[in-house]
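Read through the structure below, which is laid out as structure tokens, and then see the notes.
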Amino acid sequence: MAAITVVFIAAIALTALFFAGASGKDTLVLRDGDTKEEYARFPVSEGDEFSVTFIHSVNQYPLTDVYEIRDHRIYVVRTIYNNFGAGVQTEIEEGQKLEYGENGEMIVSGFDREMPWLSYIVGTVSDHVLTIHGEAVSLRELCGKNSKVEFSCEPRM
Numbered sequence: 327m328a329a330i331t332v333v334f335i336a337a338i339a340l341t342a343l344f345f346a347g348a349s350g351k352d353t354l355v356l357r358d359g360d361t362k363e364e365y366a367r368f369p370v371s372e373g374d375e376f377s378v379t380f381i382h383s384v385n386q387y388p389l390t391d392v393y394e395i396r397d398h399r400i401y402v403v404r405t406i407y408n409n410f411g412a413g414v415q416t417e418i419e420e421g422q423k424l425e426y427g428e429n430g431e432m433i434v435s436g437f438d439r440e441m442p443w444l445s446y447i448v449g450t451v452s453d454h455v456l457t458i459h460g461e462a463v464s465l466r467e468l469c470g471k472n473s474k475v476e477f478s479c480e481p482r483m
């Protein structure tokens with residue numbers, strides 16, 4: 327009888343640990359901005375980062391926006407430019423800082439701004455690439471050219 331009680335208590339403890347660990351996990355969801363059709367889901371946790379890289383339509387150089395999952399929301403934390411030019415940030419605002427990467431790219435950080443409505447229109451000439459957990463995902467292949475893609479952070483099902 328004592329052995330059954332120990333096994334039962336252990337099973338309850340393992341179940342509680344499983345659900346406690348899962349409760350802090352979210353999903354990054356990509357949807358069509360018009361139809362709300364779901365394109366993809368990616369598991370994310372508190373503090374995870376993802377980025378979207380594209381060729382800027384005006385200055386024609388790569389630009390990467392980096393986001394972080396925080397408190398079940400999406401926050402923009404930094405932008406990486408490869409060249410200054412029309413259409414990109416030229417002044418550092420209060421709380422932001424400019425640093426240079428090992429390849430000379432300019433990294434503006436300190437945005438720390440929640441993005442309740444994050445969307446991109448996938449390029450027709452050049453792609454938008456989502457990088458998450460070290461994997462690159464072509465939004466052109468996933469969603470199609472000229473698609474409006476909305477990003478949201480939702481509880482994992």
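According to the working numbering, the sequence shown is numbered sequentially starting from 327. Quick reminder that beta carbons are idealized off the backbone N, C-alpha and C, glycines included. Remember, predicted model here, so these are calculated numbers, not experimental data.
Legend entry - Coarse secondary structure for Arg482, derived from DSSP in three states: By 1-based counting over the sequence shown, the position of residue 482 is 156. Three-state DSSP puts Arg482 in coil, outside helix and strand.
Legend entry - Under 8 Å between C-beta atoms of Thr387 and Val403: For the purposes of this step, residue 387 is identified with residue 61 of the sequence shown, where counting begins at 1. For the purposes of this step, residue 403 is identified with residue 77 of the sequence shown, where counting begins at 1. The sequence shown places Tyr at residue 387, not Thr. For Tyr387 and Val403, no; Cβs fall outside 8 Å.
Legend entry - Beta carbon of Leu354 nearer than 8 Å to that of Val378: Taking the sequence shown and counting its residues from 1, the one referred to as residue 354 is at position 28. Taking the sequence shown and counting its residues from 1, the one referred to as residue 378 is at position 52. Going by C-beta atoms, Leu354 is not nearer than 8 Å to Val378.
Inset, instruction - Report the option in Glu364, Glu363, Ser473, Asp391 whose CA atom is closest to the CA atom of Glu375. - result: Against the sequence shown, residue 375 aligns to sequence position 49. With distances taken between Cα atoms, Glu375 lies closest to Asp391.
Legend entry - Cβ-based neighbour list, Glu419, same chain, cut-off 6 Å, excluding 5 preceding and 5 following: Stepping through the sequence shown from its first residue, residue 419 is reached at position 93. Here the set comprises nothing.
Legend entry - Chain-order list of residues whose beta-carbon lies under 6 Å from that of Ile447 (same chain, five-residue window excluded): As a first step, residue 447 is located in the sequence shown; it is residue number 121 there, counting from the start. Lys474.
Legend entry - Among Ile458, His454, Arg439, Glu417, nearest to Leu465 - alpha-carbon criterion: Residue mapping note: residue 465 aligns to position 139 of the sequence shown, counting from 1. Checking every option, the nearest Cα to that of Leu465 belongs to His454.
Inset, instruction - State the beta-bridge partners of Lys423 as determined by DSSP. - result: Numbered from its first residue, the sequence shown carries residue 423 at position 97. Answer is Ser435.
Inset, instruction - May I have the straight-line CA-CA distance separating Leu389 from Ile433, to the nearest angstrom? - result: Walking along the sequence shown from the start, residue 389 turns up at place 63. Walking along the sequence shown from the start, residue 433 turns up at place 107. Each residue's alpha carbon lies about 10 Å from the other.
Legend entry - Residue closest to Pro442, alpha-carbon to alpha-carbon, out of Ser478, Glu467, Asn429, Glu428: The residue given as residue 442 occupies position 116 in the sequence shown. The option with the nearest alpha carbon to Pro442 is Ser478.
Legend entry - Cut-off 6 Å between Cβ atoms - residues of its own chain near Gly421, not counting five sequence neighbours on either side: Numbered from its first residue, the sequence shown carries residue 421 at position 95. These residues qualify, in order along the chain: Gly436.
Inset, instruction - Could you tell me whether the Cβ atoms of Ser445 and Gly359 are closer together than 8 Å? - result: Position 119 of the sequence shown, counted from the first residue, corresponds to residue 445. Position 33 of the sequence shown, counted from the first residue, corresponds to residue 359. A contact, by the Cβ cut-off of 8 Å.
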